[in-house]
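So the sequence shown is numbered by the working numbering: it starts at 734 and just counts up by one.
The beta-carbon is built from N, C-alpha and C at its ideal position, and this holds for glycine as well.
Quantities reported herein were computed from a predicted structural model and do not represent experimental measurements.
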Amino acid sequence: MENRSPTLVPVPSRVAEGGKPELRHAPGRLALSDTIAIVDIGSNSVRLVVYEMLARAPSQVFNEKEMAGLGRQVASTGRLAEDAIEKAIAALVRFRILCEAMHVGELRVIATAAARYAENGTAFIARAEEAIGQPIELISGGREAVLSGLGVISGFDNPDGVVGDLGGGSLELISVRNGAVEEGSSVPLGGLALLDRAKGSLKTAEKIVRDELDKLPQVAAMRGRDFYAVGGTWRALATLHQRRTDYPLNVMHGYTVPSRDVADFVKLVERADASVVDAIDAVSSARRPLLAYGALVLDELIKRGRPRGVIISAQGVREGLLHEQLSSEEQGADPLLQAARDYNLLRARDPRHAADLIGWTRGILETAGLSQDEPSGRLIEAVCLLSDIGWRAHPDYRGEQSMNVIAHAYFTGIDHVGRAFLALAIFLRYAGLKASSPAAAGLKTLLTPALFARATLIAAIFRVAYLLSAGMAGILPRIPAACVDNRLRLRFPDDLAPLASDRVEGRLKQLAKLLDKEFEIGRV
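This is how it looks when you write it as structure tokens:
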């Protein structure tokens, strides 16, 4: 499949039959005709996600779910409950209408543990196919594990560890390394299944979990590596942990909990400690009864596997389905940089300017002897691509708005430290090198002093660059900037010499001070 890097060209809308305008282009969208939707019929929820296109860093156009609870009684009765079936079918009919309204180009439908285990699962699938108007893939536990692993591979920068996907009906475990998945396992330890099997007793559930986990080789493979936690119940637990610790970034993907903190926290959840109950409103009512069981499974996994840390993944089976459709070249692309390029294309005044800025910034860092320091080169490239996304905001709020967008954007392939670095560098680029705000102060706590100093330095480079170029391509390459001996030198050709204003000189002096150098302005 071709690597898609679309160029936005506005096309006037046509008038279709009936006098209604037919949308040909939507500002803010990369594509209108290539959407792909996935309906995931799970044991707890039935969910529709529509993605803008099949890409390395796909954006979600629409996300809706129905907490049908199909797996609620399967362990004890062997059957899907009739009321749950009716809720699921109604959701699928609704999703079919929505997909038609959104002109979805490709629709894939999968069903997982509840339909897999239930006696009446086949009959339900037949009704569900009629409701959604598409064939449904009833995936095995092994395939579900593989797809979960691929989802994590698609969402992180070269992950190395074990993926655990806790659904309503089952738990899948699979090891990932070097961009590939290994053999996976599936056991009926999902929240609804465990609640049903244990008949509401956490003590009974604990024994069930221990017996099931002792069979799995993937548990031992966790030792000293990362554990990637997938699934709504574990995301809900992470939400409670963030609230309880006053964490400054309200983003789940990439949120990390050290293993040593897990045991104490899950005990608070299991006994409904007041400090956790106070934050319970952050969790949907349908998931609250499952929290203690999800915490129990996580606790037992950590005790037995002894991973380095628990990392929350917002990507799982659905993103794994997308990832396996990509070419090997696309699978190897950097999802952070692809997403940053998309933002640059959609929001920058002149998207071509980012390439100039990347070269200009690297030139200063390399001649200053800083190119090998943190942050990584990919973060430098990403921050350049994101540097002009806030220009439409009021000047007084560009820094704050850009910081919030970047900190909370649907980026993958980046941890929370990296998010904070990108967001603060752009905040300081707009607001000034000494500016602060409550949100900025919170993000700053995620960075080491050295990394915050580097974010400030990048912002200082941008403040000179944008004053010279006005965000337009073709200017910066003609005004070379480099550190030579103990000086930061800026050189102008004759026709651009008038750009060397007092304001440029002031910002250049500020940048040179951060580099511990003198500054010099001259001619090429």
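To the nearest angstrom, report how far apart residue i and residue j are at their CA atoms.
i     : j     : result
A1193 : L803  : 55 Å
D1249 : I1097 : 13 Å
R1152 : I1139 : 7 Å
I696  : G1102 : Given that the chain is displayed from residue 734 to residue 1257, the structure contains no residue 696 and the question cannot be resolved.
G1049 : V896  : 9 Å
L1241 : G1110 : 23 Å
E1033 : R943  : 7 Å
M1205 : A1198 : 10 Å
R967  : L1209 : Residue 967 is actually Trp in this sequence, not Arg. Their Cα atoms are separated by approximately 47 Å.
S887  : G1027 : 24 Å
L1176 : H1141 : 11 Å
P754  : I822  : A caution first: P754 carries a pLDDT of 47, below 50, which makes its placement in the model unreliable, though a value can still be read off. So the alpha carbons of these two residues sit roughly 32 Å apart.
A962  : V1043 : 7 Å
L1200 : I1091 : 16 Å
D890  : L1221 : 34 Å
K798  : A861  : 15 Å
V1030 : W1093 : 50 Å
A1230 : A764  : 42 Å
R1211 : R1082 : 20 Å
When the distance is taken between beta carbons, is residue j closer than 7 Å to residue i?
i     : j     : result
N853  : L813  : yes
A996  : I1045 : no
V909  : V885  : yes
V837  : I865  : no
D994  : A808  : no
G1123 : S1135 : yes
Is residue i helix, strand or coil when you go by DSSP?
i     : result
S1202 : helix
D1148 : coil
Q867  : coil
A1257 : The question names Ala, yet the displayed sequence has Val at residue 1257. In the structure shown, V1257 sits in coil (DSSP, three-state: anything other than H, G, I, E or B).
Y1163 : helix
K798  : strand
I858  : helix
V744  : The predicted position of V744 is uncertain, since its pLDDT is 31 and thus under 50; no value can be drawn from it.
V1030 : helix
Y1143 : coil
Y980  : coil
A969  : helix
F960  : strand
F889  : coil
S809  : helix
M955  : coil
Checking the sheet assignment: what are the DSSP bridge partners for residue i?
i     : result
E905  : D898, S919
A989  : What sits at residue 989 in the sequence shown is Thr, not Ala. DSSP output for T989 lists I1044 as bridge partner(s).
Q793  : Y784
V772  : L781, V842
R910  : A913
F1185 : According to DSSP, F1185 bridges with nothing at all.
I want to check one thing, is the minimum distance from the CB of residue i to the heavy atoms of the ligand HEM below 6 Å?
i     : result
A1047 : As far as ligands go, the structure on display features none, and thus does not contain the ligand HEM.
Closer than 7 Å, CB to CB, is residue i near chain C or not?
i    : result
S903 : No chain C is present in this structure, which holds just one protein chain.
Entirely enclosed alpha helix (DSSP H) segments - the region 1050 to 1127, minimum 4 residues: 1050 to 1058, 1061 to 1064, 1068 to 1080, 1086 to 1100, 1110 to 1118
Beta strand (DSSP E) runs contained entirely in the region 1188 to 1254, provided each spans 3 or more residues: 1214 to 1217, 1220 to 1225
Inside the region 818 to 850 only - alpha helix (DSSP H) runs reaching at least 4 residues: Annotation note: the region 818 to 850 contains the following uninterrupted alpha helix (DSSP H) runs of length 4 or greater, listed N- to C-terminal: 846 to 850.
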